[in-house]
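Note that our numbering has the sequence shown beginning at 3, numbered continuously upward.
Remarks on the structure that follows.
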Amino acid sequence: MLPDHSSWSVRRLLLQEDSYTERQFRLSLTEACKKNDLSMVQWIFEHFPGRGVHMQVVEEAAAAGAMDIIQYFADNERDSEVDTRLAKRDIFFGGKDTANAAAGGHSDIVRWLYQFETDYERDDAATMEAAVANGDKDLVRWLHQVMEIQVCGVPRAAANGHLSMLQFLSAFDRIPAGVVVQAAKNGHLDVVRWAIDRDWDNEKDEEDSDEEDFYTSGFYSRQRKISRPPYLTSIGGEASLAVHTAAINGHLKVAKYLHARVDWPMDYEEQKVNSKRLRNTLAEIEKELGKDHQAAPISRKTMLEVVRKGLLEVVEWLCFEFSGNHTIDLFRPLNEEDTLVVNRLPE
């Protein structure tokens, strides 16, 4: 006799699959965390007893600032002594939970999570970087002094215009490469001005440098050890690369300020020094910002980018300042497509 399949359905089949139930539990819980809906989380726990909470779910709760949900997770964790009248379950704290909380400005959750023991590693560097990027000085101080996490991500504070954070961090260590470029990228003139002024005012730097700096060592001196690294505004320094960054993003005031402060090469010997230092400076910036940074010397690529974006005032300024520089050809196209772009320039 053939079996009766009249009660069979896709839904009934799926409900019998543990992997489907697990996925349903995880996705539903994730959405409840994103909406900071504690009552929904409680309902899900009651209807899915014993299932562990994945690390990604905790990370979403932290990002949403859902402190009540995170506390509820902890109360239902397998080692918890809190009586919730539910079966205890594994709660996987760690990963980017503190980093997500810091990125969302939830410093109370960051502190609470670090004081809650977990067997899984946390992304401490990402947590510090997020706190720095948000300009949260109190959290940065706590992470550094209490949790002993090294300060990092300083260029992100510059990118977000957090001058007070940069001033705070400058008391601990030298501001790293990339700060001027990132500030120029987003048009934060106050940060750019502060970084350059601080660089010029700081005469107590005892680190040596192998780089030539004609403005410190004399125009015709040989390479030698000097008492401090070359200035940001010296030939081939970061400030010269940030002019391009400011220009292609339409921040003309920043570009003009940087151009006025930079020492540009005046002859063949200085041009050689400039080329060497640019390579070294770009390498340092790449270490901090990665390969997708926007630091570059002024070139035809600068002109092409501002033309593509329709930044007419920047185009006019580039022509005025650099058309007489024989080392920079703003209009020589790289290919046929670039020729079409340059031809769009108004006469």
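All C-beta atoms in this analysis are idealised placements derived from N, C-alpha and C, irrespective of residue type, glycine included.
Inset, instruction - For the alpha helix (DSSP H) containing E119, list its first residue and its last residue. - result: Neither: E119 is in no alpha helix (DSSP H) and is coded neither H nor E.
Legend entry - Neighbourhood of V55 by C-beta, 8 angstroms cutoff - its chain only, sequence neighbours within 5 removed: Answer for V55: L31, F75, R91, D92, I93, F94, listed in chain order.
Inset, instruction - In angstroms with no decimal places, state the Cα-to-Cα distance between V316 and K139. - result: Going by the C-alpha atoms only, they are around 36 angstroms apart.
Legend entry - Where the alpha helix (DSSP H) through V181 begins and ends: That run of the alpha helix (DSSP H) goes 181 to 187.
Inset, instruction - Note down the Cα distance separating G238 from R281, rounded to an integer number of angstroms. - result: Between G238 and R281, the C-alpha separation is close to 8 angstroms.
Inset, instruction - Would you tell me roughly how many angstroms separate the C-alpha atoms of A133 and C35, rounded to the nearest one? - result: If you take the alpha carbons of A133 and C35, they lie about 22 angstroms apart.
Inset, instruction - Could you check what DSSP says for I93 in three-state terms: helix, strand or coil? - result: In this structure, I93 counts as strand in the three-state DSSP scheme.
Inset, instruction - For R310, name the three-state secondary structure that DSSP assigns. - result: The answer is helix: DSSP assigns R310 an H, G or I state.
Legend entry - Distance, A160 Cα to T100 Cα: If you draw a straight line from the Cα of T100 to the Cα of A160, it comes to about 22 angstroms.
Inset, instruction - Sort V142, A127, K98 by Cα distance to L115 and report the nearest one. - result: For L115, the closest alpha carbon among the candidates V142, A127, K98 is that of K98.
Inset, instruction - Between the Cα of S109 and those of D85, E83, D121, A68, spot the shortest distance and give me the residue it belongs to. - result: Nearest option by C-alpha distance: A68.
Inset, instruction - Would you grab the beta carbon distance between T235 and V183 for me? Rounded to a whole angstrom, and I think it's under 8 angstroms. - result: Wrong, their Cβ atoms sit about 13 angstroms apart, outside the cutoff.
Legend entry - Distance between beta carbons of G189 and S166, contact taken as under 8 angstroms: Between the beta-carbon of S166 and that of G189 there is about 18 angstroms, and that puts the pair past the 8 angstroms contact cut.
Legend entry - Nonlocal neighbours in the same chain, by C-beta distance under 6 angstroms from M42, ignoring five residues either side: Cβ within range, chain order: A34.
Inset, instruction - Pair every Cβ in the stretch 243 to 259 with every Cβ in the stretch 190 to 202, then say whether three or more of these pairs are closer than 8 angstroms. - result: With a cut-off of 8 angstroms, the stretch 190 to 202 and the stretch 243 to 259 count as touching, because enough Cβ pairs lie within range.
Inset, instruction - Classify V156 as helix, strand or coil using the three-state DSSP reduction. - result: Of the three classes helix, strand and coil, the one that applies to V156 here is helix, per DSSP.
Inset, instruction - Quick one: using the 10 Å Cβ neighbour count with 16 as the cut-off for buried, is R404 buried or exposed? - result: With the chain running from 3 to 349 in the structure shown, residue 404 is simply not present.
Legend entry - Neighbourhood of N276 by C-beta distance below 7 angstroms, restricted to the same chain and skipping five residues each side: Non-local beta-carbon contacts of N276 in its own chain, meaning distances under 7 angstroms to residues more than five positions away in sequence, involve I237, G238, P267 in chain order.
Inset, instruction - Find the nearest neighbour of A66 within the set A104, K303, Q44, judged by alpha-carbon distance. - result: Comparing alpha carbon positions, the residue from A104, K303, Q44 closest to A66 is A104.
Legend entry - Contact check, G96 vs T129, beta carbons under 7 angstroms: It is not a contact, given that the beta carbons lie outside the stated cut-off.
Inset, instruction - Below 8 angstroms CB to CB, which residues in the same chain sit around G163 once its five sequence neighbours on both sides are set aside? - result: Contacts found: A185, N188, H190, D192, V193.
Legend entry - 7 angstroms Cβ cutoff met for I330 and F322: Using a Cβ distance threshold of 7 angstroms, I330 and F322 do not count as a contacting pair.
Inset, instruction - Would you list the one or two residues that DSSP bridges to R124? - result: DSSP links R124 through a beta bridge to G97.
Inset, instruction - State the beta-bridge partners of V55 as determined by DSSP. - result: I93, per the DSSP bridge assignment.
Inset, instruction - Report buried or exposed for T135, applying the criterion of at least 16 other Cβ atoms within 10 angstroms of its Cβ. - result: It is Ala, not Thr, that sits at residue 135 in the sequence shown. When all chains shown are included, A135 counts as buried.
Legend entry - Nearest-angstrom Cα separation, counted from V60 out to G220: Confidence is the limiting factor: at G220 the pLDDT is only 33, short of 50, which leaves the residue's position unreliable, though a coordinate-based value still follows. A direct Cα-Cα distance of roughly 59 angstroms separates G220 from V60.
Inset, instruction - Go to R279, then tell me how far its alpha helix (DSSP H) extends in each direction, as first and last residue. - result: Note, R279: alpha helix (DSSP H), 270 to 291.
Legend entry - Contact under 7 angstroms by Cβ, E290 with G180: If you check the CB distance, E290 and G180 come in under 7 angstroms.
Legend entry - Contact under 7 angstroms by Cβ, H146 with V156: Not a contact, by the Cβ cut-off of 7 angstroms.
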